[in-house]
Amino acid sequence: MIKTPDFESCFADLIAIPSVSSIDPAHDQSNQQVIDALANWFHGLGFACEIVAVSQNPDKFNLIATLGSVEQRSGLVLSGHTDTVPFDESGWDTDPFKLTSKDENYYGLGTADMKSFFPIILEALKRIEIAKLQKRLTIVATADEESTMNGARILTRESVKGDYCIIGEPTGLNPIHSHKGIIIESFKLTGRSGHSSNPAFGNSAMEGMHMVMTSLMQWRTELQASFYDDSFKVPVPTMNFGRIHGGDSPNRICAECELSLDLRVMPGMDTTELQKSLKERIQDALDNTGLKLDFTSKVLPVPPMHTDMHSEIVKHSETLTGHHSACVTYCTEGPFFNDMGMETVILGPGDIDVAHQPNEYLQQERIEPMIDVLSKLIMQFCGK
Ligand SMILES: [Zn+2]
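Read the sequence shown against this note's numbering and you will find it ends at 386, with the numbers running on by one and no gaps.
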């Protein structure tokens, strides 16, 4: 058995291992070394560690580390992702892969989002008598949260058992019980180019896109009239046309036009159904135009997350942190844990504002309170 090193050396080891994930293969890296390090440390504390390959990619793995026997009742799951976003080295004042203590912060890629969560779990476990826990405690470390969420997508009720889950994403020690979901869609219209002096020479993909956008904006108005939740800062679903590309010259009929959009949906809205409706709307708007339609998005939707405000995990998280649980606009792996039957709260020490930025850091004053909150949550949900 390997003895678990102290907090700072665990943290430094994880930051030193590059584990960027990206839908761009040029930036995408394996997370295997992070998973191996975590498996060694949790094994050293008596956890049974299972390393699971994430389908279709030989370089990506999840870790499921379980303490307690299968006969024991399931208790708490603590989960985090092992990957980081790509980085721009020129924007950093320190080495992004060297944990640097400066101005009472820890700097490094993944310090806030969210490699710090794992050494914090290890530290919390050292402070309680884990041999006396009555229910199973499970640690999950996932691959590819920042790109496809494929690590969380392959988890199942059979592989991860728990009644409650904490995900240590950067929330500034504020519990989060709900967030919106997201659908990203891209599609291309193909018509026929021709001299602009005679419309009969071509078939304008740009005019087709105009009809599609008009129809989608109408749909957006309908969705916003049907779904409203004022616990969100933006209380309605939104749709953003974020990127459009088409045509090359004012005197040529546009043959190709491509659009990418995102649709951010409220809890209670079904992303699979909505994606189907979205595609039907686009198709219908193009009826009788003769334009060819191709969907080009490779990104799967992330469902919205919602855990009941009265759940035990929400109530205890609120009491221990002293903050009311809130809703946020960004997405997490939370809905996949909800789908496995776990009441889930997002709660971690980092700040979302510094995540995905050069000079990402974690405030050192957040570490001790987070260790304290986690050790108490473990005792609450696994101790008796
Ligand atoms: Zn994250």
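For glycine and all other residues, C-beta sits at the position ideal for the given N, C-alpha and C.
Three-state secondary structure assigned by DSSP to residue i
i, result
"K386", "coil"
"Q365", "strand"
"E258", "strand"
"I156", "coil"
"L276", "helix"
"M3", "Note that M3 scores a pLDDT of 47, beneath 50, so its modelled location is shaky; the value from the coordinates is reported in the next line. Coil at M3, not helix or strand."
"D355", "helix"
"L295", "strand"
"K190", "strand"
"S195", "coil"
"D264", "strand"
Cβ-Cβ distance between residue i and residue j below 8 Å
i, j, result
"E148", "V87", "yes"
"I185", "V316", "no"
"I168", "L80", "yes"
"I25", "L111", "no"
"L175", "P351", "yes"
"T346", "N340", "yes"
"P208", "C259", "It is worth fixing the name first, because residue 208 is Met in this sequence and not Pro. Against a cut-off of 8 Å, the Cβ pair of C259 and M208 comes out as a contact."
"S23", "D30", "yes"
"G183", "T273", "yes"
"R129", "T68", "no"
"C12", "P177", "no"
"A314", "E106", "Sequence inspection shows Glu at residue 314; the Ala mentioned does not correspond to that position. No, they are not a contact pair."
"I246", "L265", "no"
Element boundaries [beta strand (DSSP E), containing residue i]
i, result
"A126", "Note, A126: premise wrong, no beta strand (DSSP E); alpha helix (DSSP H) at F119 to K128."
"R222", "That residue, R222, is in no beta strand (DSSP E); its alpha helix (DSSP H) goes A207 to S228."
"T321", "Unbroken run through T321 is the alpha helix (DSSP H), E314 to T323; no beta strand (DSSP E)."
"C167", "Y166 to I169"
"G248", "T240 to G248"
"S180", "I178 to H181"
"C329", "A328 to V330"
"I53", "A50 to A55"
"T140", "R138 to T144"
Minimum Cβ-Cβ distance from residue i to chain D less than 8 Å
i, result
"S228", "Among the chains of the structure shown, chain D does not appear; only one protein chain is present."
Limits of the alpha helix (DSSP H) - the one that residue i falls within
i, result
"I37", "Q34 to G46"
"F338", "G336 to D341"
"I17", "F9 to A18"
Candidates the options, of which the one nearest residue i by Cα
i, options, result
"F49", "L127, E258, E335 and P27", "L127"
"E390", "T6, Q365 and V304", "Residue 390 lies beyond the stretch modelled for the chain, which goes from 3 to 386, so this question has no answer here."
"P305", "T334, I284, V162 and K281", "T334"
"L295", "D38, Q31, E282 and I122", "E282"
"C256", "F203, E224, S262 and P237", "F203"
"L65", "G343, G153, G164 and P360", "G153"
"H83", "T323, G244 and F63", "F63"
"G196", "P252, T150, E187 and Q226", "P252"
"L276", "P239, L379 and V36", "P239"
"P360", "L40, I53, G93 and R159", "G93"
"F229", "I141, H179, P98 and M271", "M271"
"K235", "S180, L376, P20 and A145", "S180"
"S21", "D8, L302, A39 and M307", "A39"
- Message: Ignoring anything shorter than 3 residues, give me the beta strand (DSSP E) runs that lie fully in the region 60-123, in order along the chain.
- Response: 63-69, 76-83, 102-104 and 107-109
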